[in-house]
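S.K.: Heads up: the sequence shown begins at 4 in this note's numbering, then just goes up one per residue.
By construction, the Cβ of each residue, glycine as well, lies at the ideal position given by its N, Cα and C atoms.
All values reported here derive from a predicted model rather than from experimental measurement.
The structure's right below; bear with me while I get my questions together.
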Amino acid sequence: MELTNTETLPNEEIAEVLGIARGNVVKARNAGRDFTQSLRNITGGELKAYSTLLGDSRDEAIDRMEADAAEMGADAVVNLRLETSEIANGGAEVMAYGTAVRLE
4 MELTNTETLP
14 NEEIAEVLGI
24 ARGNVVKARN
34 AGRDFTQSLR
44 NITGGELKAY
54 STLLGDSRDE
64 AIDRMEADAA
74 EMGADAVVNL
84 RLETSEIANG
94 GAEVMAYGTA
104 VRLE
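Next comes the structure, spelled out in structure tokens:
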């Protein structure tokens, strides 16, 4: 499966647009991380535990979107986008979405 954030793929022709493929994940921080990260917030610097959590969440959302596109019979997903939003205190949703297409 080819994934791109552009509208087309180089040297490829889109034969059919199948629809929007999407994948999302909602994850919560844990209390231990909150405590250690609040200390880091005081002293400054990267909040590595949160960066890792969000990175893993993005990867999982993309994997789920790719699986959704495969179920549609897609060869590729174009116009891939990612969004992150707070769901509840301590929880965030990461969504990956794009246009599932079949290539010539």
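Is the separation between the beta-carbon of A99 and that of R84 shorter than 9 Å?
M.R.: For this step, residue 99 is matched to residue 96 along the sequence shown. For this step, residue 84 is matched to residue 81 along the sequence shown. A contact, by the Cβ cut-off of 9 Å.
S.K.: Specify, as a first and last residue, the run of the beta strand (DSSP E) that T55 falls within.
M.R.: Taking the sequence shown and counting its residues from 1, the one referred to as residue 55 is at position 52. Not the beta strand (DSSP E): T55 falls in the alpha helix (DSSP H), residues 51-75.
S.K.: Among all the DSSP beta bridges, which residues are the ones paired with L12?
M.R.: On the sequence shown, residue 12 is found 9 positions in, with the first residue counted as 1. Beta-bridge pairing links L12 to no other residue.
S.K.: I need the DSSP call for A5, collapsed to helix, strand or coil.
M.R.: Along the sequence shown, read from residue 1 onward, the residue named residue 5 stands at position 2. Residue 5 is actually Glu in this sequence, not Ala. In the structure shown, E5 sits in a strand (DSSP, three-state: E or B).
S.K.: Using 8 Å for Cβ pairs, my map puts G94 next to A52. What's the rounded Cβ distance?
M.R.: Mapped onto the sequence shown, residue 94 falls at position 91. Mapped onto the sequence shown, residue 52 falls at position 49. Not a contact, Cβ separation roughly 15 Å.
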